[in-house]
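**Student:** Following this message is one structure expressed as C-alpha cells.
2 protein chains.
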Amino acid sequence: MDSHAPTPSPARDVPPAFLAALSARFGAQCSMAAAVCAQHGRDEGSLQAPPPAAVVFAESTQDVQDAVRLAAQYGVPVIPYGAGSSLEGHLLAVQGGISIDLGRMNRVLSVNADDLTVTVQPGITRKALNDAIKDTGLFFPIDPGADASIGGMAATRASGTNAVRYGTMRENVLALEVVTASGDVIRTGTRAKKSSAGYDLTRLMVGSEGTLGLFTEVTVRLYPLPEAVSAAICSFPSIEAAVRTVIQTIQLGVPIARVELIDVNAVRMVNAHSKLHLREEPLLLMEFHGSPTGVQEQAEVVQDIAREWGGNAFEWATTPEERTRLWTARHNAYFAAVQSRPGCKAISTDTCVPISRLADCLLDSVAEADASGIPYFLVGHVGDGNFHFGYLIDPDSPDERTRAEQLNHQLVARALRMQGTCTGEHGVGIHKMDFLQEEAGEGAVAMMRAIKQALDPQNILNPGKIFTRPAR
Amino acid sequence: MDSHAPTPSPARDVPPAFLAALSARFGAQCSMAAAVCAQHGRDEGSLQAPPPAAVVFAESTQDVQDAVRLAAQYGVPVIPYGAGSSLEGHLLAVQGGISIDLGRMNRVLSVNADDLTVTVQPGITRKALNDAIKDTGLFFPIDPGADASIGGMAATRASGTNAVRYGTMRENVLALEVVTASGDVIRTGTRAKKSSAGYDLTRLMVGSEGTLGLFTEVTVRLYPLPEAVSAAICSFPSIEAAVRTVIQTIQLGVPIARVELIDVNAVRMVNAHSKLHLREEPLLLMEFHGSPTGVQEQAEVVQDIAREWGGNAFEWATTPEERTRLWTARHNAYFAAVQSRPGCKAISTDTCVPISRLADCLLDSVAEADASGIPYFLVGHVGDGNFHFGYLIDPDSPDERTRAEQLNHQLVARALRMQGTCTGEHGVGIHKMDFLQEEAGEGAVAMMRAIKQALDPQNILNPGKIFTRPAR
Chain A
1 MDSHAPTPSP ARDVPPAFLA ALSARFGAQC SMAAAVCAQH GRDEGSLQAP
51 PPAAVVFAES TQDVQDAVRL AAQYGVPVIP YGAGSSLEGH LLAVQGGISI
101 DLGRMNRVLS VNADDLTVTV QPGITRKALN DAIKDTGLFF PIDPGADASI
151 GGMAATRASG TNAVRYGTMR ENVLALEVVT ASGDVIRTGT RAKKSSAGYD
201 LTRLMVGSEG TLGLFTEVTV RLYPLPEAVS AAICSFPSIE AAVRTVIQTI
251 QLGVPIARVE LIDVNAVRMV NAHSKLHLRE EPLLLMEFHG SPTGVQEQAE
301 VVQDIAREWG GNAFEWATTP EERTRLWTAR HNAYFAAVQS RPGCKAISTD
351 TCVPISRLAD CLLDSVAEAD ASGIPYFLVG HVGDGNFHFG YLIDPDSPDE
401 RTRAEQLNHQ LVARALRMQG TCTGEHGVGI HKMDFLQEEA GEGAVAMMRA
451 IKQALDPQNI LNPGKIFTRP AR
Chain Z
1 MDSHAPTPSP ARDVPPAFLA ALSARFGAQC SMAAAVCAQH GRDEGSLQAP
51 PPAAVVFAES TQDVQDAVRL AAQYGVPVIP YGAGSSLEGH LLAVQGGISI
101 DLGRMNRVLS VNADDLTVTV QPGITRKALN DAIKDTGLFF PIDPGADASI
151 GGMAATRASG TNAVRYGTMR ENVLALEVVT ASGDVIRTGT RAKKSSAGYD
201 LTRLMVGSEG TLGLFTEVTV RLYPLPEAVS AAICSFPSIE AAVRTVIQTI
251 QLGVPIARVE LIDVNAVRMV NAHSKLHLRE EPLLLMEFHG SPTGVQEQAE
301 VVQDIAREWG GNAFEWATTP EERTRLWTAR HNAYFAAVQS RPGCKAISTD
351 TCVPISRLAD CLLDSVAEAD ASGIPYFLVG HVGDGNFHFG YLIDPDSPDE
401 RTRAEQLNHQ LVARALRMQG TCTGEHGVGI HKMDFLQEEA GEGAVAMMRA
451 IKQALDPQNI LNPGKIFTRP AR
C-alpha cells in the first residue's frame, strides 16, 4: 500500500470568469500573486502540490459566504487556511481551486468568564487567544505545539501536551458557526456545557478538515488558571522505564496536566537548538496543576513510581520563566530536529494506542527505526498513548522517503493491531487516506463519504482530503 | 407552537409477509403478543402511540442485522429498545414497525482495566456494568438516575449526576459497533483515548436516538474508584442561595463530583416516599471525590461559599450505606413525586444553560410554575446548568397538559435566549421536535435531515423522531 503519495486527482478547471468575479467582489482582499498562492499551497508537512489559483483574505462571515457561493456557482474547490501549521497536506490544492485565508478573522467576539467560555473568530491563534484573556484568570489549555489557529485546531481535532488532563478539541469546542457548501450559515451547539439536542453537528464538524464546512466562529471552553503549577524533568535509564512510569501514573488516575516523552535523539537536538543542558537520556517532562497540596500529592505519587523504574530525582521548574523555557524547548523539538540535518524534511508519525499497549508499540517501533539507519527523533504525549516519530529524510532521496514511509506504515499497522489509531491529533489530510481506510474499514469510510456527498454534493469543500471520492 | 403532540405521521403498513418472515427467522425470539408489544411501545414519558407490530429479542449482532435486513426489504420501521427508561417518546412506534429488544445482549465483552475501558453489549444496564467490574477498582460514572441500558444511554447522549466531573456519554463513549440501515456492520472509533482519523462517527451516533443505526457493542471509559468519597447535604434559605453557591463553586474550578439541587417540593415528596427527615428547605446534595486531602480541600471551599449564602452546616454521609441511601432517595425523586399525586403523569423539562445564567433561568421559571397552580417539583444537575421541572398533571385534564406544556415552552424559550439548550440529557424524541427546530434553526436541522437521508434513505430507523422528515 502506498500511503505517502497524494492520490492523483485531476485539478479542476478554475474558469477565468470565476477569477474575474472573485476579483470584482474582493478587490485587494483577493490575490493571485504567485508568491501568495505558493505560500497558501503548502503546510508544515513534507508533501507538495501545485498552488491554489487565488487567495481570498476573508474579513467577515459574509466574505466567506460570498467566496463559497461564487465557488459553488463555478464548481471550484475552496480550501480554508488558518495558520498554515498542518502536517498532513491539508492545505494542498490537490484538485486546484482557491484558498480562503481566515487569518484576518482573528477577533475575540465574547469572553464569558463566568461561564468559562469564549467565542472567537477562527483565525485567532491559541497564543493570541491566551494573551487576550490573560486578565480573566482563565486559560485555553489545548496546546498542539505550533501556534495554530483555533479554527484550524478545530478542523483537525487537535490536542497536544495538555490533552491528558483537559481533553482535545473534541471535548473543548462547544459551538460553531459554519459556512456550508452552499454558502449558507448554520450554528451548531450552544454555550450550554452539555446537550442532547439532535445530531452532534459540532463534533461532526470538529475534525472534518474543511471538507464539510468553513468555521467562521468557534466557542471553546476555558479553565481557571490553576492555583499552583509545577513542572519537572525526570530522566530514565531507558525509554521503557519512562513509559512504564507513565502507564502506571495514568492507571492510578493521577490528574497529571502534561507528561511528555523525549527520546535521547530529541534531547540532543533540543540541547543543541535551545542551548540547554538536559541530561542525554530519555526524559519525561511533566506538569502538575492544582492546589498547592494537590500538586504536591500528585508529584509524590509520580516520583515514587519513577523511582521504582530507575528514574532520577525530579528537577523542578517552579517559576513561570523556567517553565516557559522548558516548554518552548519541547515545542521547538521539531525545528531543532529539522536543523540537525540541514536540508532534511521530517515525516511525522502520529499513532495513538490504548495506554496498556504503549510500551510494546513504542519499543518495537524504536527498534525498527534504529535498524533503518534513518535519523529520527521521538516525542510523545504519552499520557494519552500518543507519540510522534520524526523521520528526517533527504527530500531528494526517493529511497529514504520510501523507507521512512515504510516505517510509518509498519508503525500504523502495529497501532491498529493494538486497537489504536493512525492519527491521534494531526488528522488525515492526504497523507493518511490509506491508513484511515485500514483503520476504519470500508463500511465506516463509505458512511463518511455518504455524509460528505450529502453535505457537499459538488465536492467543492477541500476536496481530495480524508478519503478519495468514489467514482460517480 | 404545539410542542407536546407527536407530529402526526401515518403508521406504515407492516406486511403480513414480513411478519411471517420475521417469525420464520426468529421463532420464539419474536413475539406478537399484545402485552409484549404494548410494553415495548411506551417509555417513562407521558406520550402514547399504538404499539409496534412485533418485538424481536435480539441475542447477537447477527440477529440485529437479520432483523434490520428484513425490515429494509419490506420498508418497515425498526425501533431499538434497551431498558425502556427514555422520557421523550423515543420508543413509541409512531410510524408503526417493530421493536428490537436488545436486553438479552447484556454481556461484558472485554474489561481492559489497564486501559480504563470496557466493551459491552448494548443491553447491559449501568448498574449491572458497575456490578460486573467492581473487582477491578474501576467504575463507570455516568448515572442518569434510571438503571438505563448502556446502549440507550449512548443513543440519547445521557448524563446525570456525575457528569459535572466525568462528562456525559459524549465524552465517555470511545467506540461503537453499529448495524446500519442496510443491515451492515460498521465500527466507529478505537480504544485509543483520542483520534483525528476522519469524521467523528462515534459522536454522530451518540445522541442519534436510534435514527442512524443500532448499537451492538459499546466501548466506554472507566475511572479509578476515588480513594476518598464524601457526600454532604446542605440546606439553604432559598433556591437562589443554593444556586449561587453552585455557580461560584463551578467558576472556581472545584472538581466537585456531584452537586444536585432539590427544591422544597421535591424534599417533601422524597421524605414521604423514602422515609427520610431531610430539612424542608432547598437542598444541595454534593459528593466529593479524590484523595483524602483533596476531598477535604474541596469541601472546605464549598462550605465557605455556602456559608456566605446562608447555607446551613454540611451534614456528612461518609459511609457507603449512608451515601447509597441519599442517592437512592435522589434518584427516586421522580417516583416520589408521581406518588404524591395519585394517578398523575409527570411532564419533565430538561433545559441546560450556561452556568452564569442558571439563577436567572431557574428563578423566573420557578415563579411561573408557582403562579400556574400546577403541582411540580424541581431537581437539577445544577453544576452543569441542567435542571428538571416535573409538572404533575392529571392525564385526563387536557387543560392541565396544555398549561404544563406552556410552562415548558416558556422555560425552553428562556433557556434558548440565554444560549442554552432545550435538552441537556433526555434527548428530543417526539416531545421536543419543535424545540429542536427553535434551538438549532432551520439550516442546522436541514443538515441533520440530509445526514439522515444519506444514511437511512428508506427512513426505517426509528422514524418520526428528532425531526419530522420533509415531504419527498
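Respectively, the protein sequence lines represent chains A and Z.
Letter by letter, the first sequence follows residues 1 to 472 in the UniProt record's numbering.
Letter by letter, the second sequence follows residues 1 to 472 in the UniProt record's numbering.
Where is the CB? At the ideal position from N, CA and C, for every residue including glycine.
1) What residues match up with Tyr-199(Z) in a beta bridge as DSSP calls it?
2) If I measure Cβ to Cβ from Ile-393(Z) and keep anything under 7 Å in the same chain, skipping five residues before and after, which residues do I get?
3) From which residue to which residue does the alpha helix (DSSP H) around Ala-38(Z) run?
4) Out of Gly-123(Z), Asp-114(Z), Leu-278(Z), point me to the one whose CA is closest to Phe-139(Z)'s CA.
5) Looking at the unbroken alpha helix (DSSP H) that takes in Leu-47(Z), where does it start and where does it end?
6) Can you tell me which of Ile-239(A), Leu-407(A), Arg-12(A), Gln-73(A) puts its alpha carbon nearest to the alpha carbon of Trp-309(A)?
7) Which class does residue 510(Z) belong to by DSSP, given the choice of helix, strand or coil?
8) Taking the Cβ atom as the reference point for each residue, do Ala-83(Z) and Ser-149(Z) lie within a distance shorter than 8 Å?
9) State yes or no: is the beta carbon of Gly-420(A) nearer than 8 Å to at least one beta carbon in chain Z?
10) What did DSSP end up calling Leu-87(Z) once you bin it into helix, strand or coil?
11) Between Ala-34(Z) and Gly-97(Z), which are expected to be in contact by the criterion C-beta below 8 Å, what is the C-beta distance as a whole number of angstroms?
12) Just checking, does the region 20 to 36 of chain A make contact with the region 157 to 175 of chain A on the three C-beta pairs under 8 Å criterion?
13) Classify Pro-292(A) as buried or exposed, calling it buried when 16 or more other Cβ atoms lie within 10 Å of its own Cβ.
14) Which residues in chain Z sit within 8 Å of Val-185(A), going by Cβ to Cβ distance?
15) Distance cutoff 8 Å, beta carbons only. Does Leu-455(Z) sit that close to anything in chain A?
16) Within 8 Å of any Cβ in chain Z, is that where the Cβ of Ser-196(A) sits?
17) If the criterion is Cβ atoms closer than 8 Å, does the pair Ser-86(A) and Gly-427(A) meet it?
18) Which residues, taken in chain order from the region 330 to 361 of chain Z, show a beta carbon closer than 9 Å to some beta carbon of chain A?
19) I want to know whether the region 208 to 226 of chain Z touches the region 148 to 166 of chain Z - three or more CB-CB distances under 8 Å.
20) Can you list, in chain order, the residues of its chain whose CB lies under 7 Å from that of Val-36(A), leaving out five sequence neighbours each side?
21) Could you give the distance in angstroms between the alpha-carbon of Ile-79(A) and the alpha-carbon of Arg-104(A)?
22) Checking the sheet assignment: what are the DSSP bridge partners for Tyr-223(Z)?
23) Going by C-alpha to C-alpha distance, which of Val-264(Z), Tyr-334(Z), Leu-129(Z) sits closest to Ser-235(Z)?
24) Over the uninterrupted beta strand (DSSP E) stretch that includes Gly-390(A), give me the two end residues.
25) Indicate the three-state DSSP secondary structure (helix, strand or coil) for Ala-58(Z) in the structure shown.
26) Which same chain residues, not among the five before or five after Ala-337(Z), have their C-beta less than 7 Å away from its C-beta?
27) Can you name the residues that DSSP bridges to Phe-288(Z)?
28) Mind listing which residues of the region 276 to 300 of chain A have their C-beta closer than 7 Å to chain Z's C-betas, in chain order?
29) For Ile-239(A), report the span of its alpha helix (DSSP H) as first-last.
30) Counting only the same chain and skipping the five closest in sequence on each side, list residues whose C-beta sits under 6 Å from that of Asp-304(A).
31) Is the distance from the Cβ of Pro-16(A) to the Cβ of Ile-460(A) below 8 Å?
32) According to DSSP, simplified to helix, strand and coil, what is Asp-147(A)?
33) Should Ala-454(Z) and Gln-453(A) be called a contact, given that it needs their Cβ atoms to be closer than 8 Å?
34) When we look at the beta-carbon of residue 473(Z) and count the other beta-carbons within 10 Å, is it buried (16 or more) or exposed?
35) What residues in the region 165 to 189 of chain Z bring their beta carbon closer than 8 Å to a beta carbon of chain A?
36) According to the Cβ coordinates, are Glu-425(Z) and Thr-168(Z) closer than 8 Å?
**Tutor:** Looking at the atomic coordinates:
1) Beta-bridge pairing links Tyr-199(Z) to no other residue.
2) Cys-344, Lys-345, Ile-347, Ile-374, Glu-400, Arg-401, Ala-404
3) 34 to 40
4) Asp-114(Z)
5) Counting along the chain, Leu-47(Z) falls outside any alpha helix (DSSP H), and DSSP gives it neither H nor E.
6) It is Ile-239(A).
7) Outside the modelled stretch of chain Z, which goes from 1 to 472, sits residue 510(Z), for which no answer is possible.
8) yes
9) yes
10) coil
11) Ala-34(Z) to Gly-97(Z), Cβ: 16 Å. No contact.
12) no
13) exposed
14) Think of a sphere of 8 Å around the beta carbon of Val-185(A): the chain Z residues whose beta carbon falls inside it are Gly-443, in chain order.
15) So, interface residue.
16) yes
17) yes
18) Against chain A - using a Cβ distance shorter than 9 Å - the residues of the region 330 to 361 of chain Z are Asp-350, Thr-351, Cys-352, Val-353, Pro-354, Ile-355, Ser-356, Arg-357.
19) yes
20) Closer than 7 Å at Cβ, skipping near neighbours: Val-55.
21) 16 Å
22) Phe-139(Z)
23) Closest option to Ser-235(Z), Cα to Cα, is Val-264(Z).
24) 386 to 393
25) coil
26) Ala-266, Met-269, Ala-346, Phe-377, Gly-390, Leu-392
27) Phe-288(Z) is bridged to Ser-230(Z).
28) Ser-291, Thr-293, Gly-294, Glu-297
29) 239 to 251
30) none
31) no
32) coil
33) With a cutoff of 8 Å on beta-carbon distance, Ala-454(Z) and Gln-453(A) are scored as near each other.
34) No answer is possible for residue 473(Z): the residues shown for chain Z start at 1 and end at 472.
35) Gly-167, Thr-168, Arg-170, Glu-171, Thr-180, Asp-184, Val-185, Ile-186, Arg-187, Thr-188
36) yes
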